[in-house]
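Structure first, commentary second.
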Amino acid sequence: MEKILEIDINSTDDLFERYNGRKVSKELIQYMIEAFPRMKKNDTLKVIINNNLKGNIRCSEIIKQAIDEACEKSDFRFHKTNMKQFSFLFLGILALIIASIIKFDVIKEVVIIGAWVLLWDAVEMELVDDIINRKKKNTLKKILSSEFIENIK
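When you line the sequence shown up against the working numbering, it's residues 48 to 200, in that order.
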């Protein structure tokens, strides 16, 4: 079944950032992610862009480029999150090892609590940040691989 994602571009404010007329609006990309229809395995997506801008601005090419850049940013965020996770995991394990050496009970308990906080933060990043980032990236890739039709008025 064919699913449709329709976008109306009525002014350059709809397409570009407010303070940078060369960058596609983050709100537009976010809208496309949020408006992405539920897809089944055999469904196809068609992105229809109603271009009501005056001049020869090809919105579909600009939007595709912005989606590609968003995918690259998503990869960078994924790498950055993985490095944070590794750091927290390493520091948490190190703190648990140090806690096993400490003889004074109060300090030992404080170090153990700190270690578990670091370990839990690593797990939380995996469960929350990575899953959300992965879903966003997959949605962007599906939008990018879909058919773009631009209706110029």
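Positions of the beta carbon are idealized from the N, C-alpha and C atoms, including for glycine. In this text, all values refer to a predicted model and were calculated from it rather than measured experimentally.
If you draw a straight line from the alpha carbon of residue i to that of residue j, how long is it in whole angstroms?
i, j, result
"Glu194", "Arg105", "15 Å"
"Val94", "Asn180", "22 Å"
"Ile142", "Gln77", "Per the sequence shown, residue 142 should be read as Ala rather than Ile. Ala142 and Gln77: Cα-Cα distance of roughly 40 Å."
"Asp152", "Gln112", "58 Å"
"Gly161", "Lys155", "10 Å"
"Ile144", "Arg124", "30 Å"
"Leu92", "Lys189", "8 Å"
"Lys150", "Gly139", "19 Å"
"Thr59", "Phe133", "43 Å"
By the DSSP assignment, the alpha helix (DSSP H) with residue i in it spans what residues?
i, result
"Asn98", "Taken as a continuous stretch (DSSP letters only), Asn98 belongs to no alpha helix (DSSP H), being part of the beta strand (DSSP E) at Thr91 to Asn98."
"Glu74", "Lys73 to Glu81"
"Asn198", "Taken as a continuous stretch (DSSP letters only), Asn198 belongs to no alpha helix (DSSP H), being part of the beta strand (DSSP E) at Glu194 to Ile199."
"Glu171", "Asp152 to Glu171"
Restricting to Cα atoms, I'd like to know which of the options is closest to residue i.
i, options, result
"Asn99", "Val71, Phe123 and Asp61", "Asp61"
"Glu119", "Ile51, Glu197, Lys200 and Lys184", "Lys184"
"Ile110", "Gly161, Val71 and Ile160", "Val71"
"Phe137", "Lys188, Val164 and Lys88", "Val164"
"Lys73", "Ile140, Leu187 and Ile196", "Leu187"
"Ile178", "Leu75, Asp122 and Gly139", "Asp122"
"Asn129", "Asp176, Gly68, Glu53 and Ser192", "Asp176"
"Ala117", "Asn198, Ile196, Lys200 and Leu191", "Leu191"
"Glu49", "Tyr66, Thr59, Arg65 and Lys88", "Lys88"
"Trp167", "Val157, Val158 and Phe135", "Phe135"
Grab the span of the beta strand (DSSP E) containing residue i for me, first residue to last.
i, result
"Phe137", "Premise fails: Phe137 lies in the alpha helix (DSSP H), Cys106 to Ile148, not in any beta strand (DSSP E)."
"Asp55", "Glu49 to Ile56"
Q. Would you call the stretch 75-90 and the stretch 171-178 touching, i.e. three or more CB-CB distances under 8 Å?
A. no
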